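> Numbering (my numbering), first residue to last: 90 to 235. Cβ coordinates follow ideal geometry from the N, Cα and C atoms, glycine included. Since this is a predicted model, take the numbers as computed values, not measurements.
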Amino acid sequence: MKILVLHGINLNMFGKRDPAQYGTITLEQIDQALAGLAAELGVEFESLQSNHEGELVERIHRAHGDGTAAVVINAGAWTHYSIGLRDALAILAVPIVEVHMSNIHAREPFRHHSVIADIARGQIAGFGVDSYLLGLRAAVAAARAA
């Protein structure tokens, strides 16, 4: 079983960007934690971070036919306005789990709305790196139940 984890715009700056919101963990450390959990769960894990929306859209398109069983996504700021990213995800017939390091519902009002939420199996926000780990567990469980 292959799980695709997508990290959106500016998330390569984890560890440097606003430690009060995101902590000091780096994206590389997040991916290492995800790889360890994926091995424990017996699934294949692929991660992609991009600051170019089209690159994520192209990877989502490939997921449509490459055996991807579920997607975990933190779209960063694109969460709140990228209809293109949302529409690419909507093409998939696999579970989508939306994750956020910070609690987007306790932040600035413009962050409260997610264009991805209505097509996601669920949303996990506010638990730092654990949001990703919980998201991976939820994605694997949803894919196995499908």
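Whose CA, out of G97, A122, G143 and D176, lies closest to the CA of R226?
Looking at the Cα atoms, A122 is the closest of the given residues.
> Is it buried or exposed for Q110, if we count other Cβ within 10 angstroms and need 16 for buried?
Classification for Q110: exposed.
> Using DSSP with H/G/I as helix, E/B as strand and the rest coil, what is A214?
Three-state result, A214: strand.
> Quick one: give me the first and last residue of the beta strand (DSSP E) that V186 is part of.
Run containing V186: I185 to H189, per the beta strand (DSSP E) assignment.
> Expressed to the nearest angstrom, what Euclidean distance is found between the alpha-carbon atoms of A177 and K105?
Distance between the alpha carbons of A177 and K105: 30 Å.
> Could you check where the beta strand (DSSP E) with E135 kicks off and where it finishes?
Where E135 is concerned, the enclosing beta strand (DSSP E) stretches over E133 to Q138.
> In the DSSP output, what is H96 paired with across the bridge?
Per DSSP, Q138 and N163.
> With DSSP as the reference, identify every bridge partner of K91, one or two as the case may be.
E133 and T157.
> Under DSSP, the alpha helix (DSSP H) around R196 begins and ends at which residues?
From DSSP, R196 is part of no alpha helix (DSSP H); its letter is neither H nor E.
> Going by the beta-carbon positions, is the gap between L181 and V204 smaller than 8 Å?
The answer is no: Cβ separation not under 8 Å.
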